[in-house]
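Numbering (the numbering used here), first residue to last: 2 to 299. Glycine is no exception: its CB is placed at the ideal position from the N, C-alpha and C atoms. These notes concern the structure reproduced below.
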């Protein structure tokens, strides 16, 4: 049975690719306490298990898929990266350099202590720091070593093994440090700092997530000089949109009490209040908008 399955998958290795994605994203939906794998980690875990079947993947396919992965990462993070460059981001740049140096030193020390070969050491760096780009650069560097082909292939395979084994722990470790350790060490919650940073960045403005709406919609006021609405009553104007009202009316520099049955005349100046979309939709049916008019702004 296993031999038959291996034969089928060797002729169609893309089956394993889609199985890894489908099962991985399915597993990634489950939550274990406060921890959830997610689609990426779930797919990686399933791919590691399915790799035990022993189906080789063409090197060309590996190169293309890895290039697509790097492209997707760069395409998504590139705009934010260049926008963030500047004097205000010097702390983040120094932190990135510090993390890279510490990660490199840690990998070198651990490889020396536990006698890891170059492939496993590179995989440890890629998985422990959750930096998948290291896989490609390490594999390319290993291929340039003056070693027998069989040894090069073994080291390159060890890169993937080291990455697969340590990636889950690298992801989980970052979550544990950020959620459990850092708040105790710093004496404050990261959530509170995030809200404070967002408040400083927005400077009092609102930033709504997709699907969110303000409990009280934004209300605007616009001043119009009546032309097209000549002869219509205030009730007729307000009936055009349910969320608009005429708050003030000025005729020949004299303010008139607003009443539903009051008829508008040419050159009357009105203050129309309501939701922005509703006000804009009836503007052409009233007349021309004025930038200001004495007594209408307050």
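#1: Quick one: what's got a C-beta closer than 6 Å to residue 165's C-beta in the same chain, skipping five residues either side?
#2: Give the secondary structure of residue 300 by DSSP, where H, G and I count as helix, E and B as strand, and everything else as coil.
#3: Report, in whole angstroms, the separation of the C-beta atoms of residue 231 and residue 266, which I expect to be a contact under 8 Å.
#4: Starting from the C-beta of residue 135, find all residues in its chain whose C-beta is less than 7 Å away, skip the five residues before and the five after it, and write them out in chain order.
#5: Could you give the first and the last residue of the continuous beta strand (DSSP E) run that contains residue 251?
#6: Helix, strand or coil: how does DSSP classify residue 256 here?
#7: Specify, as a first and last residue, the run of the beta strand (DSSP E) that residue 224 falls within.
#8: Once DSSP output is grouped into helix, strand and coil, what is the label at residue 273?
#9: In the DSSP output, which residue or residues are listed as bridge partners for residue 264?
#10: Report yes or no: do three or more beta-carbon pairs, one from the stretch 82 to 93 and one from the stretch 153 to 161, lie closer than 8 Å?
#11: What does the alpha-carbon distance come out to for the pair residue 41 and residue 171?
#12: Is it a yes or a no for the stretch 64 to 84 touching the stretch 92 to 109, going by three-plus beta-carbon pairs under 8 Å?
#13: Mapping DSSP to helix, strand and coil, what is residue 93?
#14: Short of 8 Å in beta carbon distance, which residues of its chain neighbour residue 175, apart from the five on each side in sequence? Order them along the chain.
#15: Assign residue 58 to one of two classes, buried (16 or more other C-beta atoms within 10 Å of its C-beta) or exposed (fewer than that).
#16: Hey, how far is the Cα of residue 248 from the Cα of residue 271?
#17: Out of 196, 250, 224, 191, which one is the CA nearest neighbour of residue 291?
#18: Who are the near neighbours of residue 259 in its chain, counting only those whose CB is closer than 8 Å to its CB and skipping five residues on each side?
#19: Rounded to the nearest angstrom, what separates residue 53 and residue 27 at their Cα positions?
#20: In angstroms with no decimal places, state the Cα-to-Cα distance between residue 43 and residue 200.
#21: Could you tell me if residue 269 is buried or exposed, where buried requires 16 or more neighbouring beta carbons within 10 angstroms of its beta carbon?
According to the structure data:
#1: 49
#2: A question about residue 300 goes unanswered here, because the residues of the chain that appear run from 2 up to 299.
#3: Correct: roughly 6 Å between the Cβ atoms.
#4: 123, 126, 127
#5: 245 to 252
#6: When DSSP states are grouped into helix, strand and coil, residue 256 belongs to the strand group.
#7: 220 to 227
#8: For residue 273, the three-state secondary structure derived from DSSP is strand.
#9: 234
#10: no
#11: Roughly 13 Å separates the two Cα atoms.
#12: no
#13: helix
#14: Excluding residues within five positions, the ones whose Cβ falls inside 8 Å are 131.
#15: exposed
#16: Whole-angstrom Cα-Cα distance: 7 Å.
#17: It is 224.
#18: 235, 247, 248, 249, 250
#19: 20 Å
#20: 35 Å
#21: buried
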